[in-house]
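**Student:** Sequences listed follow chains G and U, in order. Residue numbers are given in my numbering: position 46 of the first sequence equals residue 53, and the series is strictly consecutive. Residue numbers are given in my numbering: position 173 of the second sequence equals residue 180, and the series is strictly consecutive. All C-beta atoms in this analysis are idealised placements derived from N, C-alpha and C, irrespective of residue type, glycine included.
Protein chains: 2
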Amino acid sequence: MRERMPHHIGFIPDGNRRWAVANGLSKEHGYAYGLAPGLALFEECRRRGIGEASVYGFTKDNTRRTSVQLEHFREACVHFALAAAERGAALLVVGDDESGCFPAELKRFRRRSAGDIRVNFLVNYGWDWDLDGLRAGGGLRSAEVSRLDLVVRWGGGRRLSGFLPIQAVYADFFVIDDYWPDYRPAHLDAALSWYAQQDRTLGG
Amino acid sequence: MRERMPHHIGFIPDGNRRWAVANGLSKEHGYAYGLAPGLALFEECRRRGIGEASVYGFTKDNTRRTSVQLEHFREACVHFALAAAERGAALLVVGDDESGCFPAELKRFRRRSAGDIRVNFLVNYGWDWDLDGLRAGGGLRSAEVSRLDLVVRWGGGRRLSGFLPIQAVYADFFVIDDYWPDYRPAHLDAALSWYAQQDRTLGG
């Protein structure tokens, strides 16, 4: 039997700092360990024929953290984005590129690159910044990002933390207790199996 | 030890139709069985000192259901609103009152009534209708509704279904598998105990 698959999945890779502390590292060293899992998940989505994936890099809220943490998560995000683009993702970086917190290396991805699987990578993203597009008389600043079918979060938190609130209005929400650096393909399996059992009403 | 309490809780009382069918009734008869639990939950929130509660009545999406269902859930919503106001809630009804689906009896509650616990009751509400306030150059149409700390949903669904997406950006999300008409005070206990164990970062 062919399972009902989500077209567009959102990923919230949380728990890097808790993973670092649990593994005897200082908090900021957790982010680098999220990179290889990110690329593994990307390839797993592509293999399964997922059309679009949105991934939380960092938010404007996150930039209130210590400068050493900021430096490390910016670096991890730049590496992930460049590696995903190199592997052929149709990459769009969504976030406030007018702020100094936005990595200059990613400015060119504010327009989507050519590729196959659409990857929307949220970098210096803010839900309020996103809505400001409406206030300015246009569309959402994330208008190129389609409606989410499923949101998967690692690290046990049962909240969106500002993740694409408008695209997520009808999304099903699946939570994994493991920290993000402990990602395994079985996590995605579990999320997709669960999703296939949910009814889809789109609010009706 | 005094537990950390949410100031503002959102309630999504889902599962009325499934409850009806499971109890040998036709779907539309489930809504009336949601009324007494709603008033019990209201009194429980007041007793515990919750400052503000937002409750899903029905949405613009829901009005696509059969006319017999529409008639029944509109009636249940009118009864709940009038009873809550009579019991002294500071009631605000939030929804599109320019549509024929909005019950005329509730128009006067588009301005908040005098009372103690703030109750925001979503009637003919739509997330897109809410955002239209921003598009029109003002604030959200739900601008009087504060940020949500916790959202509790009955009926097993792990989704917001368009429930106050902007107020919910940082909310913790607790799901109860029982159908809404089977509400018991232990459900609220479970949600509050769980909430007290979550860290609060507001996206930081």
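Starting from the Cα of Lys67 of chain U, find the closest Cα among U:Glu105, U:Ser61, U:Val182 and U:Gly31 and give me that residue.
**Tutor:** Among U:Glu105, U:Ser61, U:Val182 and U:Gly31, the Cα nearest to that of Lys67 of chain U belongs to U:Glu105.
**Student:** Which one or two residues does DSSP pair with Asn127 of chain G in a beta bridge?
**Tutor:** For Asn127 of chain G, which the question treats as bridged, DSSP gives the partners G:Ser61 and G:Leu99.
**Student:** I want to know whether the region 188-197 of chain G touches the region 158-168 of chain G - three or more CB-CB distances under 8 Å.
**Tutor:** The region 188-197 of chain G is in contact with the region 158-168 of chain G.
**Student:** What residues from chain G crowd round Phe18 of chain U, counting only those whose CB sits closer than 8 Å?
**Tutor:** Residues of chain G passing the Cβ test: none, with the nearest at roughly 16 Å.
**Student:** Just verifying my parser: in three-state terms, what is the DSSP assignment at Phe109 of chain G?
**Tutor:** Reduced to three states, the DSSP call for Phe109 of chain G is coil.
**Student:** Report the three-state DSSP secondary structure of Tyr132 of chain G (helix, strand or coil).
**Tutor:** It is a strand residue.
**Student:** Please state whether DSSP places His15 of chain G in a helix, a strand or coil.
**Tutor:** Strand at His15 of chain G.
**Student:** For a contact defined as C-beta to C-beta under 9 Å, what are the partners of Pro110 of chain U on chain G?
**Tutor:** The premise fails here: Pro110 of chain U is roughly 20 Å from chain G at the closest Cβ pair, so nothing lies under 9 Å.
**Student:** Going by the beta-carbon positions, is the gap between Gly169 of chain G and Leu129 of chain G smaller than 7 Å?
**Tutor:** Contact flag unset, no.
**Student:** Show which residues of chain G have a CB atom less than 7 Å away from the CB atom of Phe180 of chain U.
**Tutor:** Those are Arg165, Arg166 and Phe180, listed as they occur along chain G.
**Student:** If we cut at 7 Å on Cβ distances, does Met8 of chain G have a partner in chain U?
**Tutor:** Any reading at Met8 of chain G must be qualified, since the residue scores a pLDDT of 47, below 50, and its modelled position is unreliable; the value itself is stated next. For Met8 of chain G, the answer is no, since every Cβ of chain U falls outside 7 Å of its Cβ.
**Student:** Work out the CA separation of Ala60 of chain G and Ile173 of chain G for me, nearest whole Å.
**Tutor:** Taking the straight line joining both Cα atoms gives about 15 Å.
**Student:** Ignore the nearest five residues each way along the sequence and tell me which others in Leu89 of chain G's own chain have a CB closer than 8 Å to its CB.
**Tutor:** Closer than 8 Å at the Cβ level, and outside the excluded window around Leu89 of chain G, lie Glu112.
**Student:** Could you pull the DSSP bridge partners for Leu48 of chain U from this structure?
**Tutor:** Beta-bridge pairing links Leu48 of chain U to no other residue.
**Student:** Between Ala92 of chain G and Leu98 of chain G, is the Cβ-Cβ spacing less than 7 Å?
**Tutor:** Yes, these two residues count as a Cβ contact at 7 Å.
**Student:** Taking contact to mean 3 or more Cβ pairs, one atom from each stretch, closer than 8 Å, check whether the region 73-82 of chain U and the region 114-123 of chain U are in contact.
**Tutor:** Counting Cβ pairs under 8 Å, fewer than three are found: no touch.
**Student:** DSSP state of Asp137 of chain G, grouped into three classes?
**Tutor:** Helix, per DSSP.
**Student:** Can the beta-carbon of His14 of chain U be found less than 7 Å from the beta-carbon of Asp156 of chain U?
**Tutor:** Yes; because the gap between Cβ atoms is below 7 Å, this pair is in contact.
**Student:** Spatial neighbours of Leu171 of chain U within its chain, please: C-beta separation below 7 Å, excluding the five flanking residues on both sides.
**Tutor:** Around Leu171 of chain U: Gly17, Ser61, Ser149, Val152 and Leu155.
**Student:** Measuring only between beta-carbons, confirm whether Arg191 of chain G sits less than 7 Å from chain U.
**Tutor:** Chain U, which has no Cβ nearer than 7 Å to the Cβ of Arg191 of chain G, makes this no.
**Student:** Thr66 of chain U CB to nearest chain G CB: under 7 Å?
**Tutor:** Yes - at least one Cβ of chain G is within 7 Å of the one on Thr66 of chain U.
**Student:** Applying the 10 Å Cβ sphere with the 16-neighbour rule, what's the burial state of Val28 of chain G?
**Tutor:** So Val28 of chain G counts as exposed.
**Student:** By the 10 Å Cβ neighbour count, where 16 or more other Cβ atoms means buried, how is Val75 of chain G classified, buried or exposed?
**Tutor:** Per the 10 Å Cβ criterion, exposed.
**Student:** In whole angstroms, what is the alpha-carbon distance linking Met8 of chain G and Leu199 of chain G?
**Tutor:** In this prediction, Met8 of chain G scores a pLDDT of 47, lower than 50, which makes its location untrustworthy; the coordinate-derived value is nonetheless stated afterwards. For Met8 of chain G and Leu199 of chain G, the distance between alpha carbons rounds to 14 Å.
**Student:** Using a Cβ cut-off of 7 Å, which residues of the region 118-150 of chain G contact any Cβ in chain U, in chain order?
**Tutor:** Within the region 118-150 of chain G, the qualifying residues are Trp134, Leu138, Leu141 and Arg142.
**Student:** Which residue comes first and which comes last in the beta strand (DSSP E) that contains Arg160 of chain U?
**Tutor:** Leu157 to Trp161 is the span of the beta strand (DSSP E), which, as asked, contains Arg160 of chain U.
**Student:** Does the ligand FAD have a heavy atom nearer than 6 Å to the CB of Tyr177 of chain G?
**Tutor:** Although the ligand FAD was asked about, the structure shown includes no ligands whatsoever.
**Student:** In chain order, what residues of the region 67-92 of chain U put their CB closer than 9 Å to some CB of chain G?
**Tutor:** So the close ones are Lys67, Asp68, Asn69, Arg71 and Arg72.
**Student:** Around the Cβ of Gly145 of chain G, are there at least 16 other Cβ atoms within 10 angstroms (buried) or fewer (exposed)?
**Tutor:** Exposed.
**Student:** How big is the Cα-Cα spacing for Glu10 of chain U and Arg54 of chain U?
**Tutor:** The alpha-carbon atoms of Glu10 of chain U and Arg54 of chain U are separated by roughly 15 Å.
**Student:** What's the C-alpha gap between Val85 of chain U and Arg166 of chain U?
**Tutor:** Rounded to whole angstroms, Val85 of chain U to Arg166 of chain U spans 25 Å at the Cα level.
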